[in-house]
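Worksheet: the structure to be examined is printed underneath.
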Amino acid sequence: MNLVVALFLAQDGIANGVVYALLAVAIVLLFSVTRITFVPQGEFVSYGALTFVAMQDGQRPGTIPLLGLLIALHVVVDLAAGWRRQRAVALLSSALRAVAGPLIVLALAYLGSSFHLPLIAQAVLAIAVITAAGPLLYRLVYQPLADASVLVLLIVSVALHFVMTGLALYIFGPSGQRSAPLIDITFPVMGVPIAGQTLLIIGITVALIGALYFASQHTLYGKAMQAVALNRTGARLMGISTALAGRTSFLLAAFIGALAGVLISPTTTILYDTGFLLGLKGFVGAILGGLASYPVSALGAVLIGLLESYSSFFASTYKEVIVFSLIIPILLVQTLRQHRIEEDDHDSEAVPAQLNLSPEALRRRRRIKTGLGVAFVLAVAAMPAILSDYQVALLNYVGLAAIVVLGLVLLTGVAGLTSFAQAAYVGIGAYITGYVSSTYGVSPWLTLPLALAVACVLALLGSLITVRLSGHYLPLATLSLAIVAYYLFAGLPQTGGQAGMTDIPPLTVAGTAVHSPKAWYVGIWGALLLLQLGMSNLLDSRPGRAIRALKSGAIMAESLGVNTWAMKIAAFVIACLLAALAGWLYAHFQRFLNPSPFSFNQGIEYLFMAVIGGAGSIGGALVGSGIVVLANQWLQTNLPLILGMQGDFEIIIFGIAAMAMLQLLPRGIWPALLDLTGLRVPKSWTFSADAKLPPLRDKPVPGETVLAVRGVSKNFGAIAANRNISLDAKAGEVLALIGPNGAGKSTLFDLISGVQRPSSGNVHFLGRESSYFPRDLSRAGMGRTFQHVRIVPEMTVVENTALGAHARADTSFLAAALRLDRPKEAMLIAEALRQLERVGLHGAATTNAGSLALGQQRVLEIARALASDPCLLLLDEPAAGLRHLEKQALAQLLKQLKAEGMAVIIVEHDMDFVMNLADRIVVMQFGEKLAEGTPCEIQRNPAVIEAYLGGAE
13 MNLVVALFLA
23 QDGIANGVVY
33 ALLAVAIVLL
43 FSVTRITFVP
53 QGEFVSYGAL
63 TFVAMQDGQR
73 PGTIPLLGLL
83 IALHVVVDLA
93 AGWRRQRAVA
103 LLSSALRAVA
113 GPLIVLALAY
123 LGSSFHLPLI
133 AQAVLAIAVI
143 TAAGPLLYRL
153 VYQPLADASV
163 LVLLIVSVAL
173 HFVMTGLALY
183 IFGPSGQRSA
193 PLIDITFPVM
203 GVPIAGQTLL
213 IIGITVALIG
223 ALYFASQHTL
233 YGKAMQAVAL
243 NRTGARLMGI
253 STALAGRTSF
263 LLAAFIGALA
273 GVLISPTTTI
283 LYDTGFLLGL
293 KGFVGAILGG
303 LASYPVSALG
313 AVLIGLLESY
323 SSFFASTYKE
333 VIVFSLIIPI
343 LLVQTLRQHR
353 IEEDDHDSEA
363 VPAQLNLSPE
373 ALRRRRRIKT
383 GLGVAFVLAV
393 AAMPAILSDY
403 QVALLNYVGL
413 AAIVVLGLVL
423 LTGVAGLTSF
433 AQAAYVGIGA
443 YITGYVSSTY
453 GVSPWLTLPL
463 ALAVACVLAL
473 LGSLITVRLS
483 GHYLPLATLS
493 LAIVAYYLFA
503 GLPQTGGQAG
513 MTDIPPLTVA
523 GTAVHSPKAW
533 YVGIWGALLL
543 LQLGMSNLLD
553 SRPGRAIRAL
563 KSGAIMAESL
573 GVNTWAMKIA
583 AFVIACLLAA
593 LAGWLYAHFQ
603 RFLNPSPFSF
613 NQGIEYLFMA
623 VIGGAGSIGG
633 ALVGSGIVVL
643 ANQWLQTNLP
653 LILGMQGDFE
663 IIIFGIAAMA
673 MLQLLPRGIW
683 PALLDLTGLR
693 VPKSWTFSAD
703 AKLPPLRDKP
713 VPGETVLAVR
723 GVSKNFGAIA
733 ANRNISLDAK
743 AGEVLALIGP
753 NGAGKSTLFD
763 LISGVQRPSS
773 GNVHFLGRES
783 SYFPRDLSRA
793 GMGRTFQHVR
803 IVPEMTVVEN
813 TALGAHARAD
823 TSFLAAALRL
833 DRPKEAMLIA
843 EALRQLERVG
853 LHGAATTNAG
863 SLALGQQRVL
873 EIARALASDP
883 CLLLLDEPAA
893 GLRHLEKQAL
903 AQLLKQLKAE
913 GMAVIIVEHD
923 MDFVMNLADR
933 IVVMQFGEKL
943 AEGTPCEIQR
953 NPAVIEAYLG
963 GAE
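The sequence shown: position 777 = 789 (the numbering used here), numbered continuously.
Laid out in structure tokens, this is it:
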């Protein structure tokens, strides 16, 4: 490479980088205001560019009628909302006012496309059409889900990407387009011609980023949008319209995307799907800026452009691999800068009401459900006898997809971890067996353990990095993994590249090659049914409960002794192993491999199968796979005939279906069917009266110091939540922490239990300095409840309580899946029942925990903490929400625990409850210890009377 080549590459890199910078800024804007990780940002680029090109060609672009359709849908949705509220006339007027701007743009674009306008006017119209569509998309797609989790919004964004890509193919066709340049001059610099269009792109980008940064920091509306980003509820209370902020941010994002499309259309050939990769590279820049900083994101995007340019010179085949491989370490650094225990952002899913049926009615419904299950298995067995080879082959593809989606049920629906990379692991299993068996003649049966082993190692390595990522970072990392894997499959000579791998040997059974779809059906569906049974067994076990607890919060699970990191890794690895198994089966069933079935789009489609069927249910894996695979086959055959052109238009249908499901049936079709038919019945538990209890730990003797807090302070920036606090807790006593709201009591609880690490000072538990890891402290004998109740609402009361005894037994995943853990499981359930009886919840053991009253949920938390056999019990406002008799029962229980030698620390606002129970009281105010003493001493303390009890009369 000489200097001239380096300068050419730098010019290309900077030109591309500033476009990525525009997209990065738009992505940061949307995420900071709406929490939406907007994957289709690049589609605005494609739409803007291709609309501009169509106008130059004298055509009326299809985006004009598309804008009209969005306007009509907006009005219909608002009218539907008004009809339910009986305000249709008022809302019709409001809806028409809301679409007045887009209607004006629509009229101008329709008229303007009838004339040959100057180039700059065509550019303005093209940008205006796409810009007008931005707020409409927000209203139709995102506003109904404004309070959903970041992960749900991300899945919706991916679905919208599918819809917009498919529509772009239909509107603009598959061929690439370029427009005439807005500035057709060049300037020589050091012997390298610099295009005027490139300078225009750079100038507009710098000006726009500067304007956005200034507006966000120095204007009233910019600060209002920042307030929406920081606290949506607080912004509403201050009179700031979050819906208006969302629409405004989408208007700006659509404008930026369309502007970028118009600017690059003369320098880059734009296809209908070009925007996706452009948008993802903008994402890399936005991630470099932490999805927060405009200047850093823009600079990072320019660096991505330069890296891409020079990579294309040195290793053009792997340039995408190089660029997208950057995402994972960047995300990892972002996550490691956060607190050690970071709660993932999960949607608060409503728990279905439990049927209030008599025992006989429940038994009857369970028999019906069992009968339907047996009928389903018999129907599966009968399919080869009544269907053709073609139909059976389709069912084989359903079964293969269901195996992959079954892993996503565990990973996403149960553990709450979203992955877009499952198709990549299907490809790993397929290519490993395909390459080894076809190149070296190894039996496919011997390549199965090899494929699973390689997939396990890669999944383990990937999970060691990705499961540390919190919130939306994890799915973004898996999306980058999927992209990297796809380009490796397409570029490596061992995989055959885009041409694919042929002549993969068939599977043989007893020396006979298996070719018939009906023979394959037996193997695929037999494996699927066994895997479903194993997954059901796993979820009904000690490790299964731990994985199910992940979705309700890492802090809660860690405080019960659950190794959340290990459970996340296990869920990730199991899901990847199921995907690799499906890939091994696919390779020998298909006997030909190319990268397309393992692309990132296919990974997204697997996730759609889980969402449509029911991501949290085993039956949903089969339902979603069946619907998508069979509908996909029908749509691929019939949609081109209906639309009059060839293309993957089925992605439009699946994208719309996924968005509709998340808005209307967020739990999926299978759970909705169970609710509709009344077949969602609680599990039939069999409790053994003589089950062995888990062993008890050695307890400190009464009077021994269990907890010693010395000079503890905790600062959050300039705010001191705790300052120089010292206290002791002894075995066989109740210590109460009292003080007004904001006094720092719950923060002190977090320091004691290891959720937070003190800024200074130290905590000693059982004579040793605290590890400040909740899991270790729980296993050593510290149990706690929370100020805001933290339970697993979809699990039963007895399962929630048994979760507290997690650390008192050890069960492997394999033993749980094979149902070999029943003696240990009976032991944990027996302990859970014993604690429920102590707190008076024995009669509600089989009730869903989410259906309990708030007071009962607090009591359940205490039973769960007691199941860990603690020697120190931390209770954060345990009497809140309890009625008088329930408080009396709780006080009696705590006195019993004290008599047994347990140390109890409670935070409570009910003074009568505290004064009649506590042996000693610590009073806190403004993060400091104000006083300490017996209840009588505290009641007579002048400082306490003045500061907390209201002053002397």
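C-beta atoms are modelled at their ideal positions from N, C-alpha and C, and glycine is treated no differently.
Predicted, not measured: the structure shown is a model, and the values here were computed from it.
Practice task
Output the distance between the C-alpha atoms of S360 and S161, rounded to the nearest integer angstrom.
Solution key: Only weak support exists for where S360 lies, its pLDDT of 47 falling under 50; the value from the coordinates is given anyway. Taking the straight line joining both Cα atoms gives about 8 Å.
Handout entry: As assigned by DSSP and simplified to three states, the class of S360
Key = Low local confidence applies: a pLDDT of 47 at S360 is under 50, so the model's placement there is unreliable, with the coordinate-based value given in what follows. Three-state result, S360: coil.
Handout entry: Beta-bridge pairing of K941 - partner residues as DSSP gives them
Key = DSSP, once it has assigned bridges, lists M936 as partnering K941.
Exercise for the section: Return yes when the Cβ of S324 is within less than 9 Å of the Cβ of L21, no when it is not. Expected result: In contact: L21 and S324 (Cβ atoms closer than 9 Å).
Exercise for the section: For K580, I'd like the list of residues in its chain whose CB is within less than 8 Å of its CB, leaving aside the five on either flank, ordered along the chain. Expected result: Hits under 8 Å: A427, L429, S475, V479, L562.
Handout entry: G29 burial status per 10 Å Cβ neighbour count (16 or more: buried)
Key = That one is buried.
Exercise for the section: Could I get the ranges of all uninterrupted alpha helix (DSSP H) runs contained in the stretch 424-502, with 4 residues as the minimum, in chain order? Expected result: Counting whole runs of 4 or more residues, the stretch 424-502 contains the alpha helix (DSSP H) stretches 434-452, 456-478.
Handout entry: At least three beta-carbon pairs within less than 8 Å, the stretch 655-670 to the stretch 205-215
Key = At 8 Å Cβ cutoff, the stretches do not touch.
Handout entry: Cβ neighbour criterion (16 or more within 10 Å) applied to H351
Key = Its pLDDT being 46, under 50, H351 is placed unreliably in this model, and the coordinates cannot settle the point.
Problem - Straight-line gap, E12 to R709 (C-alpha atoms, nearest Å) - result: Since the first and last residues shown for the chain are 13 and 965, residue 12 lies out of range.
Exercise for the section: For my contact list, V635 and W682 are in at a C-beta cut-off of 8 Å; report their separation, rounded to the angstrom. Expected result: Rounded, the Cβ-Cβ distance is 5 Å, consistent with contact.
Exercise for the section: Figure out for me which residue from A298, A158, L79 has the closest Cα to the Cα of A33. Expected result: Measuring from the Cα of A33, the nearest candidate turns out to be A298.
Practice task
Tell me, please, which residues DSSP counts as bridged to R796.
Solution key: Bridge partners of R796: L886.
Problem - Neighbourhood of L519 by C-beta distance below 6 Å, restricted to the same chain and skipping five residues each side - result: Taken in chain order, the residues that qualify are P456, V526, H600.
Problem - A622 versus L872: straight-line alpha-carbon distance, rounded - result: Looking at the two C-alpha atoms, the distance is approximately 32 Å.
Problem - Segment contact flag, the stretch 814-823 with the stretch 903-912, C-beta cutoff 8 Å, min 3 pairs - result: Because the criterion of three Cβ pairs below 8 Å is not met, the stretch 814-823 and the stretch 903-912 do not touch.
Exercise for the section: Find the nearest neighbour of G744 within the set G773, V713, I750, judged by alpha-carbon distance. Expected result: Minimum Cα distance to G744 is reached at V713.
Practice task
Count the other C-beta atoms from every protein chain shown that fall within 10 angstroms of the C-beta of P461, then say buried if there are 16 or more, exposed otherwise.
Solution key: P461 is exposed by the Cβ-count criterion.
Practice task
Quick one: residues in its chain with C-beta nearer than 6 Å to the C-beta of L894, no 5 flanking neighbours on either side, listed in chain order?
Solution key: Within its own chain, the residues whose Cβ lies closer than 6 Å to the Cβ of L894, once the five positions on either side in sequence are excluded, are G867, listed in chain order.
Practice task
Determine, using beta carbons only, whether T286 and G54 come nearer to each other than 9 Å.
Solution key: Yes, Cβ-Cβ distance for T286 and G54 is below 9 Å.
Problem - Identified DSSP bridge partners for H776 - result: DSSP lists A720, E781 as partners of H776.
Handout entry: Residue-chain proximity (P396, chain B), Cβ-Cβ < 9 Å
Key = Within the model displayed, chain B is absent; a lone protein chain is all it includes.
Exercise for the section: Give the range of the alpha helix (DSSP H) segment to which V296 is assigned. Expected result: Segment 286-300, the alpha helix (DSSP H) holding V296.
Problem - Expected contact under 8 Å - CB spacing of T514 and F604 to nearest Å - result: Contact holds; Cβ gap of about 5 Å.
Exercise for the section: Could you say if the stretch 162-175 and the stretch 664-675 meet the contact criterion of at least three C-beta pairs nearer than 8 Å? Expected result: Short answer: they touch.
Exercise for the section: Label A121 either buried or exposed according to how many other C-beta atoms from any shown protein chain fall within 10 Å of its C-beta, with 16 as the threshold for buried. Expected result: A121 is classed as buried because its beta carbon has at least 16 other beta carbons within 10 Å across all chains shown.
Practice task
For I116, count neighbouring C-beta atoms within 10 Å of its own C-beta (all shown protein chains included) and say buried if the count is 16 or more, exposed if not.
Solution key: I116 comes out exposed.
Practice task
With distances taken Cα to Cα, identify the nearest neighbour of G862 among A313, V804, Y284.
Solution key: The candidate whose alpha carbon is nearest that of G862 is V804.
Practice task
Output yes or no for whether 9 Å exceeds the beta carbon distance between M237 and V40.
Solution key: One thing to note: M237 has its Cβ no nearer than 9 Å to the Cβ of V40.
Exercise for the section: To the nearest angstrom, report how far apart L256 and F728 are at their CA atoms. Expected result: Those two C-alpha atoms are separated by around 32 Å.
Problem - C588 to L826 span [Cα, whole Å] - result: Approximately 16 Å between the Cα atoms of the pair.
Exercise for the section: Could you tell me the boundaries of the beta strand (DSSP E) in which K742 lies? Expected result: 731-742 is the extent of the beta strand (DSSP E) around K742.
Problem - Cβ neighbour criterion (16 or more within 10 Å) applied to W532 - result: Classified as buried, W532 has 16 or more neighbouring CB atoms from the shown chains inside 10 Å of its CB.
Practice task
Assign A670 to one of two classes, buried (16 or more other C-beta atoms within 10 Å of its C-beta) or exposed (fewer than that).
Solution key: Burial call: buried.
Problem - Boundaries (first-last residue) of the alpha helix (DSSP H) holding V585 - result: In the DSSP assignment, V585 falls within the unbroken alpha helix (DSSP H) covering 576-602.
Exercise for the section: Can you give me the Cβ contacts of F184 inside the same chain, cut-off strictly under 6 Å, excluding the 5 residues immediately before and after it? Expected result: Closer than 6 Å at Cβ, skipping near neighbours: L62, Y284.
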